[in-house]
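Worksheet: one structure, shown below.
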Amino acid sequence: MNVIEKILAAHSTETVVRPGQIIDVKPDYVMANDATACLAIDVFAGRLNAETVFDPESVILVMDHYTPSSSVNAADTHNKMRAFARKQGLKNVYDGMGICHQLMIEYHVEPGQLIVGADSHTCSYGALGALATGMGSTDVAVAWKEGKIWIKVPEAIRIDVMGAWPAGVCAKDLILKIIGDLTAQGATYKALCFGGAAIGALPVSERITLCNMVIEAGAKFGYIAPDEKTDIHLKAAGRTSYASFTDDSDAVYEQVLTYDVSRLAPQIAFPHSVDNVYEIERFEGMAIDECFLGACTNGRYEDLAIAASILNGRKIADTLRFLVTPASRDIYLRAAQSGIIATLVESGAMVNAPGCSACFGGTGGILGRNEKLLSTANRNFRGRVGSPDSEIYLASPAVVAASALNGTITDPRRISR
Amino acid sequence: MIQGKAIKFGRNVDTDQIIGAHHLSRPSIRDMAPFTFENTPRFVEHFAEGDIIVAEDNFGCGSSREQAPAVLKLRGIGAIVARSFARIFFRNAINLGIPLIECPEADKIDHLEMLEIDDDRIRCLKTGKGYDIIPLPLFIRSILVDGGIIAHLQRKETDTQRDVNLSRR
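These protein sequences, in sequence, are chains G and C. Okay, so the first sequence: first residue is 3 according to the numbering used here, each after it adds one. Okay, so the second sequence: first residue is 126 according to the numbering used here, each after it adds one.
Laid out in structure tokens, this is it:
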């Protein structure tokens, strides 16, 4: 078996599993957030007629999409989640502390775990060697009640990445390039397993960016084998031992793709599809109205640090707004203590409370008609952040910061630091 | 047998288009349903209960929001025909008991055409043209036949209980 099959088998009653097989698995955690939890609560108490969750320790609720509450409906949504959490005795409830995926990675995820979440970007946790995938509210309600859920064992694609990372190019550029090549449905129902020297060279923060966006090619899981960097991250978070899984010698991958990052240029996903990807050269000089640095894709400390290194001592263009939203309270605090937040604010950025912010369109940063947003988020669907007549362009933190400086799409390799 | 007129879409229809983020905090699916495909004039102007969405590849991509298939169900969608479906939407729609039909030639069906769908074929009533369907896997079909995942689980529970009772006799 390959590592994906082995982790799935370990969470089932089977000893051997094969792609295409449908098995019942017992997830380690079942997460929902304020965009999906209320529907799950309705299904749980209503059509499922359930009284108590199977295991209160495994149920995680996060308020992040509409925080701070942006409407009466949002406030009512949050209160409904708080009441459910009290009734069920849930301990893992995060209220305005940041984006669900960042918090899961900071507080819960371990290699070898199987995690289900009512959010499509749950696949992010593969960056730590866990298998995690997004499902809907009914599936999550069923898993809360039963403690198990059916899953189809996916085919796996291995992506070997070689070469030295050029300055100004990062994991966001690689995953955009891969999605452009695979297309928005090229990996539907499959696991994408990243490996090779260039992946080993990436910090955990950028590995999360890679696995976060595999869903944009339709994939079910992203996966990166844990290594010393994973161990350092886990140790810092107080998690020291975990189950270890590796490929068997007869492991089968449906395909093996190879990438060399040494000649990779910054990439941009053009509206309104994430697979509509081009090298930055094509759009250089295009005026934008808003820049957003944040989201579960790129709202980590390292992302903020890159932006600060570009904007240090400089002012953003007065023709645009620059929104910065740390992905979690811990990131916000560290960036405040190290001076990164001060650098960004002095440059002209609006810094927001941790949460999904201008990725989701549930709180601030909403776009008006014909406005253009350059964003570090993971989706550029029509109307996602406001007017259906607005446009969203996706890029790396370095591209967003360099572009905020000039007011037009700018290649960060041209900015002296 | 399902009958209805086609409301035609292209590829990569995402769940944000089906129901926007700012509607998801409304108290119920009933409150969200009037905003289904609110920025898609061909749906807003032409959709009537029983109609069939016909799309190209990757229908329902993006967010896991189950509100997307739920509002379509509440609006009375007859079926969704597509060349292919995104994974999470596929699961969510089957869980809610919405007939999903994979048809490699879905792109050949025209907007507003009257369709008749049986177990293995889609027929256009006006032209008489027929298109083959890729049958759903048995396990998925059994969920759909029961009317969704909850009814399916309840039936399985009843079956198990009956077997237990029979064995006790």
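C-beta: ideal position from N, C-alpha, C; glycine also.
| Item | Value |
| --- | --- |
| Are L396(G) and L178(G) close, meaning C-beta to C-beta below 8 Å? | yes |
| Hey, would you say L322(G) sits closer than 8 Å to E348(G), going by beta carbons? | no |
| Could you tell me whether the Cβ atoms of N380(G) and G366(G) are closer together than 8 Å? | no |
| State whether the stretch 139 to 151 of chain G contacts the stretch 48 to 55 of chain G, with contact taken as three or more CB pairs (one from each stretch) at a distance under 8 Å. | yes |
| In the DSSP assignment, find the unbroken alpha helix (DSSP H) run with K8(G) in it and report its ends. | V5 to A12 |
| Going straight from the alpha carbon of N364(C) to that of G119(G), what length do you get? | The structure shown does not extend to residue 364(C), since chain C is modelled only from 126 to 294, so the question has no answer here. |
| Measure how close the beta-carbons of F214(C) and T140(C) come, nearest whole angstrom, since I'm counting them as under 8 Å. | 6 Å |
| Does DSSP put A400(G) in a helix, in a strand, or in coil? | helix |
| Which residues in chain G sit within 7 Å of S188(C), going by Cβ to Cβ distance? | S122 |
| Mind checking which residues open and close the beta strand (DSSP E) that includes D133(C)? | Note that residue 133(C) is Lys in the sequence shown here, rather than Asp. First-last of the beta strand (DSSP E) with K133(C): I127 to K133. |
| Which residues mark the beginning and the end of the beta strand (DSSP E) in which Q257(G) is found? | Q257 to D262 |
| What's the gap between the Cα of I178(C) and the Cα of T248(G)? | 43 Å |
| Kindly indicate which three-state DSSP category K251(C) falls into: helix, strand or coil? | coil |
| Specify the secondary structure class of L369(G) as computed by DSSP and reduced to three states. | strand |
| In terms of residues, what are the limits of the beta strand (DSSP E) holding N35(G)? | Y31 to N35 |
| Could you name the residues of chain C that I24(G) contacts, counting a contact when the two beta carbons are closer than 7 Å? | F264 |
| For the stretch 386 to 399 of chain G, which residues have a beta carbon sitting closer than 7 Å to at least one beta carbon of chain C? | R386 and P390 |
| What do you get for H274(G), buried or exposed, if any count of 16 or more other CB atoms within 10 angstroms of its CB means buried? | buried |
| Are any of the Cβ atoms in chain G nearer than 8 Å to that of E191(C)? | yes |
| Please confirm if the stretch 98 to 109 of chain G is in contact with the stretch 60 to 75 of chain G, defined as three or more CB-CB distances below 8 Å between the two stretches. | yes |
| Report the neighbours of G135(C) on chain G: residues whose CB is nearer than 9 Å to its CB, in chain order. | Near G135(C) there are no residues of chain G at all, since even the closest Cβ is about 10 Å away, more than 9 Å. |
| Tell me whether the beta-carbon of R430(G) lies closer than 8 Å to the beta-carbon of G197(G). | Residue 430(G) cannot be examined here, being either before or after the span of chain G that is shown, 3 to 419. |
| At 7 Å on the CB atoms, spell out the chain G contacts of D139(C), in chain order. | F383 |
| On the DSSP bridge list, what partners appear for D388(G)? | In the sequence as presented, Asp is not what sits at residue 388(G); that position holds Gly. In the DSSP output, where bridge partners are listed per residue, G388(G) has L369(G). |
| Is the shortest distance between the beta-carbon of R20(G) and the beta-carbons of chain C less than 8 Å? | no |
| Give the single residue among A218(C), A276(C), V270(C) and A207(C) whose Cα lies nearest to the Cα of A193(C). | A218(C) |
| Assuming L133(G) is part of the alpha helix (DSSP H), what are its boundary residues? | Segment L133 to G136 is the beta strand (DSSP E) holding L133(G); no alpha helix (DSSP H) there. |
| Out of K28(G), T69(G) and V5(G), which one is the CA nearest neighbour of R20(G)? | V5(G) |
| On a CA-only basis, which of Y244(G), F272(G) and R316(G) is nearest S392(G)? Give me that one, please. | F272(G) |
| Given that I144(C) touches chain G, what residues does it touch there, using C-beta distances under 9 Å? | Near I144(C) there are no residues of chain G at all, since even the closest Cβ is about 11 Å away, more than 9 Å. |
| As a quick exercise: from V276(G), D26(G) and L313(G), pick the residue whose alpha carbon is nearest that of L184(G). | V276(G) |
| Would you please state the rounded distance, in angstroms, between the beta carbons of S100(G) and P356(G)? I believe it to be under 8 Å. | The sequence shown places Gly at residue 100(G), rather than the Ser named in the question. Yes, they are in contact, since the Cβ atoms of G100(G) and P356(G) sit about 4 Å apart, within 8 Å. |
| Give me the chain G residues within the contact set of R212(C), using Cβ-Cβ distance strictly less than 7 Å, ordered along the chain. | T190, Y191, G220 and K222 |
| Indicate the three-state DSSP secondary structure (helix, strand or coil) for Y191(G) in the structure shown. | coil |
| At which residues does the alpha helix (DSSP H) containing I177(C) begin and terminate? | I177(C) -> not in any alpha helix (DSSP H); beta strand (DSSP E) instead, spanning I177 to A180. |
| List the endpoints of the continuous alpha helix (DSSP H) containing W146(G). | S139 to E148 |
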